[in-house]
Structure formats: C-alpha cells, structure tokens
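Structure first, then comments.
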Amino acid sequence: MVLSRPASLHAAPVIPARTMRSAAAFRDVRVAAPAHGSAGRARRGAVRPRAADPRSVIHNTDADDTSSATFRRRLSLAASTAFGAASLAAPALADELSSVDLSSVDPAVAGVGAAALAAAALVASRAGGGGAGPRPAGTATTLPGATPMTRGAGESDDSKRRGYLIAPPPLFPLVPAFARQTYRYEVDPGRMWFFEQKQGIGLGLNVSVNVRMTVIKLKTGGLWVHAPVAPTQECIALLAELDAPVEHIVLPTTLFEHKIFVGPFQRRFPEAETWIAPDQWSWPVNLPPAFFGIFPTGVLGRDAASWEDEFEYEMLQPPALGVASYVSFTECAFLHKPSKTLLVTDAVVYVSENAPDAIPDADLLESGDDNNFTIGALKFLNLFDIKTKAKARTVTSDDMSEAQRLRLGWQRNALQALYFGPSNLLDPEQSWARITNKLLVAPVVSTLVYENIPREVDDWARRVGKMGRFERIVPCHFDAPIRAGPKEWNAAFGFLPSSRPEEGKEGRYYPDEDMVLLRGVEDFLQGTGVIFTDESRPKYGRINVRAEERRSAAKR
Ligand SMILES: [Fe+2]
C-alpha cells in the first residue's frame, strides 16, 4: 500500500521539477571546501534569486500570514503527535508489510510520554502567542564573513508519486511519515549519484536533515547502492533513468534510520545482492534481519563480495553501546578506489550555509519563526535563560526578510540536529560560526556514542585513515562530497578519548556552552545505566565478548 501525501498534514508546498545542472558545473560548485579551506567559498551553486524561486512566491502569499502559520504549526504538531501515537500500533501500518521496524517500547509508557509531550506542546504553543505583538524595529545582521545561504539544484519529478508510509518506533518517530520527495544529483558523470530525501524527528519539533543514498556504477555496468532511502515511485523512476541494473544493495550500519528501507528496496530489486553490516539488532526483542524483510546475500567483513576489487572497507564493531547487551553502533566505511571517495554513514559531517533541497522552505521558515513551537516551549520552561535573551534582543524574526528567516531557520534546524539544544537558539550566529565549514564528528554522535567506546572508535578511525588516499568524503547527512583526505579525517577524531575539557579549561573541539545539554544528557544516561561505560557494560553478550577478545589481543 502506497499512500499519496495528505495535503492537510504537510504544509510544504509542492516544488516544481528542476532542471539538473550540467554535471561539470555541478561538480565544481558542489564540492565542499576542505576543513581548513575558505569559509567564504560558495559550495552549492549560484545563489538562487529568491524572488524567482517558486517556493518564495508561495511564501509571499497571504496564505502564509501569522494566523495561518500558527494554525499550521498546531496542525503539524497534532498530526505528528497522532502519528507518534499511531505508530504504537506499528505493525498495522506496514507498507505492504515492508517498511515497518518493529522496534517498540512498552505502549503504556510511550503513550503517556506522547500525551504529556503533546499537552506540553499545546500549552507552549499558546504561551508562545502565535501572532506576536509589535516588535522593536531593527535590522537583522550576520557575522562578518558568513557565507550566503544557497540551495542546490537536484533533480526531482513532480509527476511521480512520493507517497510512502513508514511506521517507526514511537520513541524515535521518523518523519516524513507519509511522503518523501527525492532529489538526485550527478556527482561524477555516469559514475556516481546522490539521492537525497528529508529525514526528521516528529512530535512537532521540526528538526530535519537530508538523508543520502549514494549510487555508484561498477565496472560491470551495474549499480552499487549505499544506504537506501525510501523507494518511492519517484525515487525508483529517478534510479531507472540511470539505465543500469541495481546489482548490489549495501546496508552500512545498524541504525534503523538507514536500515528501514533496505527490505523494501530489496523487494523492488529482487535480482540484486544485499550486503549488510554485522551485528544487526532490534529492540526490545532482538529479531533477525529477515523479520524486517532483509534477506542478506552476505555480511560485510565475513563474506566475500564480487565488488571488492573496486572497494576497500573498514568496520567499526564496538561493544554494546547501551540499553541492551546487543545494541551496537556498527558502521562500515567504504573507500571507492576508482573515485578516491570515502563513504561513511554517521561518522562525520560538514555543515555549511547550504540548506539541503530536501528540507522545504516551509520547514525552514517555521524554524526561523521566533514564535515556533520549540522556542515557545523553551520560553515556557525558560531553558537556557531564554527569556532574558529574548528581552535583550533588538531584532526578531518579524523584522527579517524571507531570505534572512530561511537562513535563521536552517541555522536553528541544523544546530538542533547537532546539539539538541545549542546555547542560544534565538540568535545562533555564534554557535553557527563555531561548528560550520569544517569536517567534524557531530556532537550528538561523539557525546552519546563515540566517547563511550573511545578505544574502538579511535582504532577504527586510524584504520580508515590508512585505508588509502581518498580525496573526498561522502557522509549520509548534510553536505557532500566534502573535499577532504586522511589528514582532515584524522583531525576530525582528534577529540578522542573525550571532548570534555579539563577542569577550568576551554573545550578545544566543541564550544562548551553549546554542549551543556548534550553532556547533561550523557551524564544522565550513564548515571541511569542506559548508556554503558566500560564498568557498567554487561560482560555477557556476543558482541561484548568479541570486543573483549579484540582488546586482549591488542594488548598482547
Ligand atoms: Fe544517520
């Protein structure tokens, strides 16, 4: 069953089909700067004249006035909350019984949590005021040296259907739940393409990133598909236009945001071989991949694949991260030798002014609105001393042009994805300047994952850095391809074993003020035993025993 997008639940305007930029031009403009490169270099195409952008026109209509926007926010909140509740019955919402991840939690616990969050959201939404009163006059400014925000030029096709129903577990409600637009980018003419879709967190938070599937044409003439995205009709049509058979589907991680579409993708291409990272898991019941419709041809690191003459790969296989003795954060990094490209999943990111096409302007404008749900909730709870910061402001989103609000929205959106809660969501320029235009491990990954398994991550990063002379890196989120090699890769892991500064010292890797919430969350999760430390990690369990054996072997 494939559903078309219910217009009432998604305020994002329909974006007309775009013309694909010529491959050469695209490659020139899209390749990101190295970590030490010029921060002022535009990376993703010429600045699109906002007035000529059909999305801008849509947002300049009366339909987007304050009351309508408030209504849209509340509708979106209600819809995502309803979705979160509905996903408690996840198996019943299967797309042909295919795209359901049956990871679940106690329905009663999740239901109470969802209801409490929804109630808080509605209260906060009202407290935020929706239509604000008069604002002090002023002019929005940016820090000197900030690069102009640009959007890419991926190809999409409105004539193809985008409906795709997913039902992820309620504690991690992935959105969009009903439809996903796909953008295709040709990176190397005739050899490498990106397919990108939006991926966000539900429950009205409006925090999204792009999720990227990379497709490489092998010497055989067939396609090697890395980390599949939702196989909507549009996505499949864009893939079919490459006029080559899908020969291999690769699942490079154990995380369900990249796993959820592997089964459906495999059914679309039953002739393809499917290769999965080891140690796949589900929670609270640890079910085999076949239960989720994934029937692997082989397991990476264990079984030989026919494409291995074109790739090298190194596996991160750490001990259990937390929650249960089998929950691991496994990732496989691939070096595509012909193109000298390193493919990773969540290991590193490069964040810049380039808002992904996959995130609609409506979402960015919502994030750039000072009266949105998140800021309303922060004000309601007065977190990060936001009320004082709000009073001190001379410029608000009401004073900004649409382009300025789009940029502010992208900053807030990206910073929330990276930190959960940066120090100043109202005016994020300082935080933005310190995290952008460099290759780095996302703070949420380093804090909640890597710093808890530092030895294994450090060992893996070193092995990847020695794998070969790669010249660019392609992660599954944010900018890509990033022009970076082993030097930049190694530097990105320079925070290990911990990014926390010594007592009384300033953090060198991340700004300490932005890490307050994440480190607090880490302390809480470690203190309650949700995230394991070496001391609290169960000694039993296959992956823990294996990791211990590796550590012992390394000592010898
Ligand atoms: Fe990811």
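Sequential numbering of the sequence shown, starting at 0, is according to numbering that gives the first Met the number 0. Idealized CB from N, CA, C, for every residue including glycine.
1) Using a Cβ-Cβ cut-off of 8 angstroms, state whether LEU425 counts as contacting chain D.
2) Can you list, in chain order, the residues of its chain with a C-beta nearer than 6 angstroms to that of THR273? Leave out the 5 residues immediately preceding and following it.
3) Could you tell me the alpha carbon to alpha carbon distance between PRO288 and ALA276, rounded to whole angstroms?
4) Taking TYR508 as the reference, which of LEU380, SER497, GLU502 has the closest Cα?
5) Within 10 angstroms of the Cβ of THR446, are there 16 or more other Cβ atoms? Answer buried if so, exposed if not.
6) State the Cα-Cα distance for the pair GLY420 and TRP409, rounded to the nearest angstrom.
7) Would you please state the rounded distance, in angstroms, between the beta carbons of GLU313 and TRP459? I believe it to be under 8 angstroms.
8) For the stretch 394–405 and the stretch 365–379, state whether three or more C-beta atom pairs, one from each stretch, are separated by less than 8 angstroms.
9) Classify PHE523: buried if its beta carbon has 16 or more other beta carbons within 10 angstroms, exposed otherwise.
10) With ALA357 and GLN180 assumed to form a contact (beta carbons below 8 angstroms), what rounded beta-carbon distance in angstroms separates them?
11) Rounded to a whole number of angstroms, what is the C-alpha to C-alpha distance between ASN489 and ALA479?
12) Taking 8 angstroms as the threshold (C-beta atoms), are PRO244 and ARG262 in contact?
13) Helix or strand or just coil, what does DSSP make of GLU352?
14) Could you tell me if PRO269 is buried or exposed, where buried requires 16 or more neighbouring beta carbons within 10 angstroms of its beta carbon?
15) Quick one: what's MET314 bridged to in DSSP?
16) Once the 5 residues before and after TYR449 are set aside, which same chain residues still bring their CB inside 6 angstroms of it?
17) Could you pull out every residue in the same chain whose Cβ sits closer than 7 angstroms to the Cβ of CYS475, ignoring the five residues on either side in sequence?
18) LYS437: which of PRO500, VAL347, ILE259, THR395 sits nearest, CA to CA?
19) In terms of DSSP beta bridges, what is TYR418 paired with?
20) Give the secondary structure of SER445 by DSSP, where H, G and I count as helix, E and B as strand, and everything else as coil.
21) Let me check understanding here. Comparing Cα to Cα, which of LEU405, ARG392, LYS339 lies closest to GLU352?
22) Comparing the CB of LYS164 with every heavy atom of ligand 1, is any distance shorter than 7 angstroms?
23) For ligand 1, which residues have a Cβ under 7 angstroms from at least one heavy atom, in chain order?
24) For GLN440 versus LEU517, is the C-beta distance shorter than 8 angstroms?
25) I'd like the span of the alpha helix (DSSP H) that includes VAL322, first residue to last.
26) Tell me which residues share the same chain as PRO537 and place their Cβ nearer than 8 angstroms to its Cβ, disregarding the 5 neighbours each side in the sequence.
27) Look up LEU364 in the DSSP assignment and say whether it is helix, strand or coil.
28) Measuring CB to CB, does THR219 end up less than 8 angstroms from PHE193?
29) Where does ASN598 fall in DSSP's three states?
30) Across which residues does DSSP place GLY199 in a beta bridge pair?
31) Relative to the C-alpha of LEU241, which candidate in GLN279, THR252, PHE255, ASP187 has its C-alpha closest?
32) Kindly give me the distance between the Cβ atoms of VAL515 and SER422, rounded to whole angstroms, as I take these residues to be in contact under 8 angstroms.
33) Spatial neighbours of ILE235 within its chain, please: C-beta separation below 7 angstroms, excluding the five flanking residues on both sides.
34) Between the C-alpha atoms of PHE255 and LEU341, what's the straight-line distance to the nearest angstrom?
Taking the definition as stated:
1) Within the model displayed, chain D is absent; a lone protein chain is all it includes.
2) ILE248, GLN265, PRO295, THR296
3) 11 angstroms
4) SER497
5) buried
6) 14 angstroms
7) 6 angstroms
8) yes
9) exposed
10) 7 angstroms
11) 18 angstroms
12) Before going further, note that residue 262 is Gly rather than Arg in the sequence given. No, the Cβ-Cβ distance between GLY262 and PRO244 is not below 8 angstroms.
13) coil
14) exposed
15) CYS331
16) VAL456
17) VAL210, ARG211, ALA226, HIS257, THR344, ASP345
18) VAL347
19) BP columns for TYR418 are empty, so no partner.
20) helix
21) LEU405
22) For the sequence presented, residue 164 should be read as Leu rather than Lys. LEU164 Cβ: outside cutoff for every heavy atom of ligand 1.
23) VAL210, LEU254, GLU256, HIS257, THR344, ASP345, CYS475, HIS476
24) Per the sequence shown, residue 440 should be read as Val rather than Gln. Their beta carbons are not under 8 angstroms apart, which means VAL440 does not touch LEU517 by this criterion.
25) Careful: VAL322 lies outside any alpha helix (DSSP H) and carries neither H nor E.
26) ALA319, SER324, PHE531, ASN543
27) helix
28) no
29) For residue 598 there is no data in the structure shown, the boundaries of the chain being 0 and 555.
30) VAL174, SER207
31) ASP187
32) 7 angstroms
33) ARG267
34) 22 angstroms
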